[in-house]
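Read through the structure below, which is laid out as structure tokens, and then see the notes.
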């Protein structure tokens, strides 16, 4: 599933300053193009399709970014939004309770009154793109290290604040494109009230589970519908996409409009080596062990299974993504290709100086990596930790002028943060204890017992004992407590007796110091070098380039097509009949009872899932798959296994995106779920 | 802890034919030398100590190999053997029962009648070494691939059978040294009845637990005593080592006689790249996830905690070993050093042909790796699977002439296998279910659902369902059932209704086919190349070489010394006082209650653990640390973190072995455990 990973998401949402660049001309169907720089001529030549400004404007106006790390599209005039089931999984998990497992069984409404708000969720539609490169790169001139990083953060915060005086309905973000080659202000119309309308549940949406994830053929109804609300009423959205009820055709040209979360195609080899030799293996080992703990936890009781559902899904999905990336980088031939690309650009640039500067900064990056991951990162999955950290930092940062704050705490960013911290959500204490305990054991193991950070965080305590006390004693699960701490600011935080808040007050100075050291030794020294490489790339390759993904709106083109897997052709479609053939009766290959019952009513030849050549990646989940006429014919929910190496490069022969067809969604809504009202809304003009 | 890993052990015990070579002259204190090729002149020059033949003979005669993957030494005239506590951990685990956690609390006897047999354990003392190189390399001349491997296996089995007609008291093994440069027949006096005399238990022996493992300073009483029996009476061992009750001196020359399990210092770069890019990351991710499941399992109840004790220890220990090895190979400077070493040897050899042949075979090795690991490897930790596989294979193999059998099933090897398969041992079914379920999920994940091996092993079943049925239905936990199947041979196996036996009969043909394919495509094509490299190495470096470790007897030399860790000196000793300073009251830094009680009686200045420059590795656990006069002054139980990279190369500035001193053992036996009888036996001549 190509939902954006939480860590990537945080990085992409802030105007990141890490990373650098190395290009190569885009291959056939390659590219995650910005809407202000789409290669219409290339598409016309390849597919004979005219993508004019009207087409682009219509699609842009209907393309939705979900702040949980997904994409979506407007599909009715009343704010109805199509996305993936796995994009509403966290929402469904939050709305579940003992005996009501919405994550597993799904959700549907009888009428609009049943539509339920998703905690912390926000939807955004891109309105304008403005070039602010000159203003950003002028900031901090003459400074270096952490000062330069601070100046750049400050100018971004200022531009965002100026761009969106109305933070209730707009959201501004300075986006770093081409690894520093351009900075642009993206202005969004935002909707902070997103409600769940329909989810088929994981049994049908994620048939095949983790074993089939990132594989194809697939048989998943990975779709869901949410609705945008404002002032407790559905938003009017006349510019929605037209829903196509027709079956897609093999080979037809298709387009994906969505928010790919992040790619690393323009990083330098030294940066990729840090991933290959350090950060990917460490992340994989951490998630593997946590996965083991959570799976055992989920087997202990039906209640534990319900609690852990979305967390295990997210963890396994992220694990598989990193697994694919590590083994792509461990492939010598693949890495040699990337090295050749970098060598070509260096030769054209006539210097290696910026690459050398980045390689030097990477030495420091590796040195700081474990400390940063463990201390500034914190426990994977813990909501209590996220609440405590957000509240403690927000209180300290809000006391400063907007431009002086940490990334993520500027005035333009505070409303979403507040939304995420204060919305009511269930906190599962047994899960919290497991996650915090696990993190504490890893702090001690990876940093070692005598390390000052370990001593600060754990002291003479044990991971088991400390986590139990923090979780049992904390009252942050109560939204009213969080609201009081948010509104009370620094004084309330300092006075709080909550053990999670006190714990955070004790450790946060160390986390901040590590962040600053990283700015000083890694990010700062790389800023000028990455921008120099970006300029060299433009000089060498002109405007044939697209920027690395940044969880901002992009358009990719391609066609419906399978591929050849080790000599064997993989077809571009699956059909309903295949689902019933693959079912074993055992999880995750067990059929949803509603699908068992509906078997005789369904047309077995219905096109179910679709492989396409579009260049997509995590964050594209839920993106509309659009035909040449601009109608939505599916929702992208995955890539094939080769698409995981797509983080570093696109291979037109092998990389494939995977979508669920609108024809399958329509047939299932009708025959499996009896959703006549929803079908009628989709069919309306 | 440097106990040999089970997988390595199996490989080392068979006359392995994989792998190749590339040397470099031994640095100061480097080397795991065979007793028939010890560099006495070098030691004399460096330390002024005379190691003559009488010294070597005495030490060889008292050095013990424990087939569980450890080393040990005779320390009394009545068959008393010193080893590590963690070397008897599996035994203590086997002798535990609900409410009696010998693994955690240890074991001591009132008299010899209390000494309890360790299941499957065998002790061996090396008697003779005979060169059989010419006979081995002549075998299979003119053949290639799997035929060549078969011929080599056959000649080894024949030599072993001829060398040890009396399999009741002797054990023969053809050892492949210098990665094929020499083949030697090692003849052992064996003792199949090994009984537990004293274990301090894990709380005192493994104080600091996994967080402190492979770290120093350490405060561990990682010692234990077992006794060799024959005909139900202690074995008479007049040639034992003298126990030294004197404190060791900083800088004094010391020797380690033991069985380092395996090193990869003479492998080619292409073989190391397979480890770095594939086998180490996969093994780490598998053990990380299983670790997570087992830790959560152990937290579910005191009974689960007791059951999982030794398994978690072994898994975490192996995880840390591989972690150290992966990050050694991921260190570019370290790898560049290894590459330079190989380049030097290639230049001296005047050809790259054998290295190229091995690199080609490694392409096939990588292609086969996941299938071999998952299908021929089987679940980590499961006894039921091990029993079923051993019984099914032994029945089939024993029907053939000894020379035609799989490695490990020749007549010389059957007695130990029988011992291991038939000795009574508790089988913990909840652990079995967890381990087999985990393995089945990974077969499906790593090989994918539609792979023929997955279909064969799992079919339309689920890992949860199949593992539950296999474990619930199997009667192999009953030693009488295993005995009947062993004695009944192929007919009994084919007639068995035991689900584990039937499962194994279904999958073993696939496992055997993979083994054969590996012989044909990887091992076979590498045989001649590895031997050619070994010859080139001898030609270039003469007899300045020591062979890679093979879990056979070696002698290393060095001195008691700390090291400089990032500018900070680490002292060579710890003392009892330090234990009490480091204790927090929380596991794994909680003191054993007996140590709390004894605090006032103990001399706080007693030398506890010792760092030395000796070149050691997994399998050396329990080795005697010997002074220049041949007296035992400690038991090696660990290395520092740098010693993990020692698998690939020894760094005299940083690599350190770690031992517990005999003076600490004596003081603790006296003041903490009240073991006057044992002390008297150690003090007797």
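Residue numbers (this note's numbering), protein chains in the order written: chain F, 1 to 685; chain B, 1 to 685. Built from N, CA and C at the ideal position, the CB exists for glycine as well. Here the structure is a predicted model, which means the values were calculated and not measured.
For this session: Would you mind giving the Cβ-Cβ distance between residue 196(B) and residue 235(B), rounded to the nearest angstrom? I have them listed as a contact below 8 angstroms.
Result: Looking up residue 196(B) in the second chain gives position 196. Looking up residue 235(B) in the second chain gives position 235. The beta-carbon separation of residue 196(B) and residue 235(B), rounded to 15 angstroms, does not stay under the 8 angstroms limit for a contact.
Exercise. What are the residues of the region 443-467 of chain F that lie near chain B, defined by any Cβ-Cβ distance shorter than 7 angstroms?
Worked result: 444, 445, 448, 449, 460, 461, 462, 465
For this session: For the region 94-108 of chain F and the region 59-72 of chain F, state whether three or more C-beta atom pairs, one from each stretch, are separated by less than 8 angstroms.
Result: Taking 8 angstroms as the limit for Cβ pairs, the verdict is that the region 59-72 of chain F does not touch the region 94-108 of chain F.
Problem set entry | Neighbour-count burial assignment, residue 301(B), 16 or more Cβ in a 10 Å radius | Looking up residue 301(B) in the second chain gives position 301. Exposed, since its Cβ has fewer than 16 Cβ neighbours within 10 Å.
Exercise. Per DSSP, residue 565(F) is paired with what?
Worked result: Looking up residue 565(F) in the first chain gives position 565. Note: residue 565(F) sits in a beta bridge opposite 568(F).
Problem set entry | Uninterrupted beta strand (DSSP E) stretches inside the region 410-480 of chain F (no shorter than 3 residues) | none
Exercise. Are the region 633-643 of chain F and the region 209-228 of chain F in contact at 8 angstroms, needing three or more beta carbon pairs?
Worked result: yes
Problem set entry | Chain-ordered chain B contacts of residue 292(F) [CB-CB under 9 angstroms] | Along the first chain, one-based indexing puts residue 292(F) at 292. Within chain B, the residues near residue 292(F) are 288, 289, 290, 291, 292, 293, 294, 295, 296, 438.
Problem set entry | CB contact check: residue 285(B) to chain F, cutoff 8 angstroms | Position 285 of the second chain, counting from 1, holds the residue named residue 285(B). At least one chain F Cβ lies under 8 angstroms of residue 285(B).
For this session: Using a Cβ cut-off of 8 angstroms, pull out every chain B residue sitting near residue 211(F), in sequence order please.
Result: Along the first chain, read from residue 1 onward, the residue named residue 211(F) stands at position 211. Within 8 angstroms Cβ-Cβ: 444, 445, 448, 449.
Exercise. With distances taken from CA atoms, which of 373(B), 246(B), 212(B), 61(B) is nearest residue 257(B)?
Worked result: Start at 1 with the first residue of the second chain, and residue 257(B) comes out as number 257. Checked all of 373(B), 246(B), 212(B), 61(B); the closest Cα to residue 257(B) is 61(B).
For this session: Report the partner residues of residue 125(F) according to the DSSP bridge assignment.
Result: In the first chain, counting from the first residue as 1, residue 125(F) sits at position 125. DSSP output for residue 125(F) lists 189(F) as bridge partner(s).
For this session: Check the Cβ-Cβ distances between residue 728(F) and every residue of chain B, and say whether any is below 8 angstroms.
Result: Summary: the structure shown does not reach residue 728(F), with chain F confined to residues 1 through 685, and so no result is reported for it.
Problem set entry | Contacts around residue 412(B), its chain only, beta-carbon distance under 6 angstroms, and the 5 residues preceding and following it disregarded | Numbered from 1 along the second chain, position 412 holds the residue referred to as residue 412(B). These residues qualify, in order along the chain: 160, 161, 164, 172.
Exercise. Thinking just about the alpha-carbon of each residue, which of 81(F), 332(F), 472(F) is nearest to the one in residue 722(B)?
Worked result: The structure shown has nothing for residue 722(B), since chain B only spans 1 to 685.
Problem set entry | Continuous alpha helix (DSSP H) stretch holding residue 148(B): start and end | Walking along the second chain from the start, residue 148(B) turns up at place 148. Here the alpha helix (DSSP H) through residue 148(B) covers 145-163.
Exercise. Who are the Cβ neighbours of residue 253(F) in its own chain at under 6 angstroms, not counting the five residues just before and after it?
Worked result: The count along the first chain starts at 1 and reaches residue 253(F) at position 253. Cβ within range, chain order: 47, 49, 559, 628.
Exercise. Can you find a CB in chain B that lies within less than 8 angstroms of the CB of residue 581(F)?
Worked result: One-based indexing of the first chain puts residue 581(F) at position 581. Not closer than 8 angstroms to any Cβ of chain B, the Cβ of residue 581(F) fails to qualify, so no.
For this session: Establish whether the CB of residue 277(B) and some CB of chain F are separated by less than 8 angstroms.
Result: In the second chain, counting from the first residue as 1, residue 277(B) sits at position 277. At least one chain F Cβ lies under 8 angstroms of residue 277(B).
For this session: Identify the continuous alpha helix (DSSP H) that holds residue 387(F) and give its terminal residues.
Result: Your numbering for residue 387(F) matches position 387 in the first chain. Taken as a continuous stretch (DSSP letters only), the alpha helix (DSSP H) holding residue 387(F) covers 383-398.
Problem set entry | According to DSSP, residues forming a beta bridge with residue 550(F) | Your numbering for residue 550(F) matches position 550 in the first chain. Answer is none; residue 550(F) lacks a bridge partner.
For this session: May I ask you to list the residues that DSSP assigns as paired with residue 33(B)?
Result: Locating residue 33(B) in the second chain gives position 33, where the first residue counts as 1. In DSSP, residue 33(B) forms a bridge with 555(B).
Problem set entry | Members of the region 301-334 of chain F that neighbour chain B once the beta carbon cut-off is set at 7 angstroms | Those would be 326, 330, in chain order.
For this session: Leaving out five residues on either side along the sequence, give the residues of the same chain with a beta carbon under 6 angstroms from the beta carbon of residue 295(B).
Result: By 1-based counting over the second chain, the position of residue 295(B) is 295. If we look at residue 295(B) and ignore the five residues flanking it on each side, it has no Cβ neighbours.
For this session: May I ask which residues mark the beginning and end of the alpha helix (DSSP H) holding residue 93(B)?
Result: Counting from 1 along the second chain, the entry for residue 93(B) is found at position 93. Looking at the DSSP string, the run of the alpha helix (DSSP H) that includes residue 93(B) is 89-94.
Exercise. What residue does the alpha helix (DSSP H) around residue 356(B) start on, and which one ends it?
Worked result: Position 356 of the second chain, counted from the first residue, corresponds to residue 356(B). Segment 353-371, the alpha helix (DSSP H) holding residue 356(B).
Problem set entry | Cutoff 8 angstroms: residue 620(F) Cβ touching any chain B Cβ | By 1-based counting over the first chain, the position of residue 620(F) is 620. For residue 620(F), the answer is no, since every Cβ of chain B falls outside 8 angstroms of its Cβ.
Exercise. Helix, strand or coil: which one does DSSP assign to residue 503(B)?
Worked result: The residue given as residue 503(B) occupies position 503 in the second chain. Of the three classes helix, strand and coil, the one that applies to residue 503(B) here is helix, per DSSP.
Exercise. According to the Cβ coordinates, are residue 220(F) and residue 208(F) closer than 8 angstroms?
Worked result: By 1-based counting over the first chain, the position of residue 220(F) is 220. By 1-based counting over the first chain, the position of residue 208(F) is 208. Taking 8 angstroms as the Cβ cut-off, residue 220(F) and residue 208(F) qualify as a contacting pair.
For this session: Please say whether residue 453(F) and residue 709(F) have beta carbons closer to each other than 8 angstroms?
Result: Because chain F here runs from 1 to 685, residue 709(F) falls outside it and cannot be looked at.
For this session: Could you name the residues of the same chain whose beta carbon sits closer than 7 angstroms to that of residue 350(B), not counting the 5 residues immediately before and after it, in chain order?
Result: Locating residue 350(B) in the second chain gives position 350, where the first residue counts as 1. Excluding residues within five positions, none has a Cβ falling inside 7 angstroms.
Exercise. Using a beta-carbon distance below 8 angstroms, is residue 281(F) in contact with chain B?
Worked result: Indexing the first chain from 1 puts residue 281(F) at position 281. Yes, residue 281(F) lies at the interface with chain B (some Cβ there is under 8 angstroms from its Cβ).
Problem set entry | Segment contact flag, the region 120-137 of chain B with the region 177-194 of chain B, C-beta cutoff 8 angstroms, min 3 pairs | yes
For this session: Please name the residue or residues paired with residue 107(B) in a DSSP beta bridge.
Result: What you label residue 107(B) is simply residue 107 of the second chain in a count that begins at 1. Per DSSP, 199(B).
Exercise. Of all the options 611(F), 624(F), 655(F), 678(F), which has the alpha carbon lying nearest to the alpha carbon of residue 251(F)?
Worked result: Residue 251(F) sits at position 251 when you count from the first residue of the first chain. Cα-wise, what sits closest to residue 251(F) is 611(F).
Exercise. Residues in its own chain within less than 8 angstroms of residue 688(B) by CB, not counting five upstream and five downstream?
Worked result: Beyond the ends of chain B as shown, which are 1 and 685, falls residue 688(B); an answer cannot be given.
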